[in-house]
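Those sequence lines, one after another, are chains A and B.
Residue numbers for the first sequence follow the working numbering, so the first one is 1 and each next one is one higher.
Residue numbers for the second sequence follow the working numbering, so the first one is 135 and each next one is one higher.
C-beta atoms are modelled at their ideal positions from N, C-alpha and C, and glycine is treated no differently.
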Amino acid sequence: MKLIRRLRHKAGFTLIELVMTVVVIGIIAVPLALLINQQIKSVFVSQDLTVARNLARFEMEKINNIPYADIVSADFSNYQGYGYNVVRAVSYVEGNDTSPESLKKITVSVVKSDNAQILAVLITYLAKNVSYGL
Amino acid sequence: MNKKGIVLVAAVILIIFAAVVTFSITTFIIQRLSQEQDNQARAKYIYLAKAGIHNAIYFFRLHDIAGNGYFSLGQTNIDANNFFVLSATAADLLMLNTSHSSVGNQGNRDLLGLTIQNATNTKAITIDRMIVTWNNNRKLKQIRINNSDVFNGNLKSPANVNITNFTLNKLPKIYNIEYIRFNNDMRGVKISVQFVMSDGSITRNFGVFPASSTYSFTIKSTSKIVNSDIYRTIQADYNTLTGRITDCREINTQITP
Chain A
1 MKLIRRLRHK
11 AGFTLIELVM
21 TVVVIGIIAV
31 PLALLINQQI
41 KSVFVSQDLT
51 VARNLARFEM
61 EKINNIPYAD
71 IVSADFSNYQ
81 GYGYNVVRAV
91 SYVEGNDTSP
101 ESLKKITVSV
111 VKSDNAQILA
121 VLITYLAKNV
131 SYGL
Chain B
135 MNKKGIVLVA
145 AVILIIFAAV
155 VTFSITTFII
165 QRLSQEQDNQ
175 ARAKYIYLAK
185 AGIHNAIYFF
195 RLHDIAGNGY
205 FSLGQTNIDA
215 NNFFVLSATA
225 ADLLMLNTSH
235 SSVGNQGNRD
245 LLGLTIQNAT
255 NTKAITIDRM
265 IVTWNNNRKL
275 KQIRINNSDV
285 FNGNLKSPAN
295 VNITNFTLNK
305 LPKIYNIEYI
315 RFNNDMRGVK
325 ISVQFVMSDG
335 SITRNFGVFP
345 ASSTYSFTIK
355 STSKIVNSDI
365 YRTIQADYNT
375 LTGRITDCRE
385 INTQITP
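Take a look at the structure:
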């Protein structure tokens, strides 16, 4: 009997307590969820930047190993099958096609195939007929 | 009353915990993206620095067509955000042409056919001393550069020769080393020369006889992006006789304009 009486006196959660609990949990959970979402996004952004940077470097190294005259502007869709587009922009800083000496500016930009935002840009100059080695 | 107090304390603790977690995750995200941006920049800088090397080589070759090759030191802006700075010590800029060296005159006592030049039109460079090395017991008697005797004496190998300072001015010009004279026949002897410049820099040891295809300069290029502290510097040796960059390496020195 004592137990039944004690249970009868034991009050449950009031509506206010429940609402407060929900509000507190909401205050904590909403920003946390947003942050976790941001964290997941940042993983993908980071991955995109890394792949884009590597593809830009790959293209730059390729340019270093092709004849000077063949280094011209070009667009490559789905570069190397990675789902990124690479744009190679070439212009003369000094001289031109017929000059005995000339200097080209080469800009390599990488974007994701489904997004116009530029992820990586590399710029260099190349002088005509300069090679590496002894 | 105590129970309500506990609920309040629990709520505060939870909120603090959430704040700490939020702050940690935010910091982590920001740092990772910042690190990624730094990596992007570092990859970019190496190609900008190479642009500086090629820029110098282009201008050297362009001017070489008309007479003496040379390039300018200092800052060049690639665009509004990116630039490179070129620099070199006096030793880097002193070019010695060893391709036409020979032994002759005076009973084959003279080393002939060497020429020197300054690779830049930005600053004059001065030779303070010459270290001449050869592999026999002959003695070094005289050195004549640009029709002036810069040394007279009697030195054994290796000879650390305190010559009359010789300045290669910034007006591009090729200077003749008319001869390096010894006291006896030098046919078949290996001779090498090192130059000590007035800024304290020392050239590498040039093998001047027998003749070789060497006529090089060294250039350092630091790349930077406006409002960034990150930089990368490349040092390259360019042989003007072969048109090749014979050595290209990164060094940990920032060149400022």
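Inclusion of Gln240 (chain B) and Arg338 (chain B) in the CB contact set at 8 Å is not warranted, their separation being larger than that value.
Tyr192 (chain B) has its alpha-carbon roughly 10 Å from the corresponding atom of Asp198 (chain B). Cβ contact annotation for Lys273 (chain B) (same chain, cutoff 7 Å, sequence separation greater than five): Asn288, Leu289, Lys290, Phe316 and Asn317, in chain order. Of all C-beta pairs linking the region 298-306 of chain B to the region 249-266 of chain B, three or more are shorter than 8 Å, placing the two stretches in contact.
Around the beta carbon of Gly208 (chain B), a 10 Å sphere encloses fewer than 16 other beta carbons of the protein chains shown; the residue is thus reported as exposed. At least 8 Å separates the CB of Arg88 (chain A) from every CB of chain B.
Within chain B, the residues whose beta carbon sits less than 9 Å from that of Gly133 (chain A) are Thr376, Arg378, Ile379 and Thr380, listed in sequence order. A direct Cα-Cα distance of roughly 17 Å separates Pro67 (chain A) from Ala185 (chain B).
Counting along the chain, Ser91 (chain A) sits inside the beta strand (DSSP E) bounded by residues Tyr84 to Glu94. In the displayed model, Tyr79 (chain A) falls within a helix according to three-state DSSP. For Val108 (chain A) and Thr367 (chain B), the gap between their C-alpha atoms comes out near 21 Å. Residues of chain A with a Cβ closer than 8 Å to the Cβ of Arg263 (chain B) do not exist, since the nearest Cβ in that chain sits about 29 Å away. Setting aside the 5 residues that flank it on each side, Asp262 (chain B) is surrounded in the same chain by Asn299, Val330, Met331 and Ser332, each with a C-beta closer than 7 Å to its C-beta; the list follows chain order. When the alpha-carbon of Ala144 (chain B) is set against those of A:Ile28, A:Tyr125 and A:Gly12, the nearest one is in A:Ile28. Under the DSSP assignment, Glu17 (chain A) falls in the alpha helix (DSSP H) whose first and last residues are Leu15 to Asn64. In the three-state reduction of the DSSP assignment, Ala214 (chain B) falls in the coil class, being assigned neither a helical nor a strand state. Here the region 86-103 of chain A lies against the region 40-60 of chain A, with 3 or more beta-carbon pairs under 8 Å apart.
With respect to chain A, the C-beta atom of Leu230 (chain B) has no partner C-beta closer than 8 Å. Around Val155 (chain B), the beta-carbon contacts reaching into chain A at under 7 Å are Leu32.
If the five residues before and after Thr267 (chain B) are omitted, its C-beta is found closer than 6 Å to the C-beta atoms of Ser291, Pro292 and Ser326, all from its own chain and listed in chain order. Taking a contact as a CB-CB distance under 8 Å, the pair Tyr125 (chain A) and His188 (chain B) counts as one, their CB atoms being some 4 Å apart. Residue pairing by DSSP places Glu384 (chain B) opposite B:Ile368 in a beta bridge. Residues of the region 31-57 of chain A with a C-beta less than 8 Å from any C-beta of chain B: Pro31, Leu32, Leu35, Ile36, Gln38, Gln39, Ser42, Val45, Ser46, Leu49, Thr50, Arg53, Ala56 and Arg57, listed in chain order. Leaving aside the five residues that flank Leu230 (chain B) on each side, the residues in its chain whose CB is nearer than 6 Å to its CB run, in chain order, Ile250 and Phe340.
Comparing alpha carbon positions, the residue from B:Asp244, B:Val154, B:Ile385 and B:Ala190 closest to Ile311 (chain B) is B:Asp244. Annotated three-state conformation of Glu312 (chain B) is strand, per DSSP. For Gln47 (chain A), the closest C-alpha among the options B:Lys178, B:Arg166 and B:Ala258 is that of B:Arg166. Taken through DSSP and simplified to helix, strand or coil, Thr298 (chain B) comes out as coil. Counting the other CB atoms within 10 Å of its CB gives Glu17 (chain A) a total below 16, which places it among the exposed residues. The region 210-222 of chain B and the region 343-353 of chain B touch, with three or more beta-carbon pairs separated by less than 8 Å. Nearest CB-CB separation between Arg195 (chain B) and chain A: below the 8 Å threshold. With 16 or more other Cβ atoms inside 10 Å of its own Cβ, Lys105 (chain A) counts as buried.
Residues of the region 108-127 of chain A that bring their beta carbon within less than 9 Å of a beta carbon in chain B comprise Val108, Leu119, Ala120, Val121, Leu122, Ile123, Thr124, Tyr125, Leu126 and Ala127, in sequence order. In the structure shown, the three-state DSSP call for Ser221 (chain B) is strand. Three or more beta-carbon pairs separated by less than 8 Å link the region 357-365 of chain B to the region 171-186 of chain B, which places the two stretches in contact. In this structure, Phe218 (chain B) lies away from Leu246 (chain B), with their beta-carbon atoms at least 8 Å apart.
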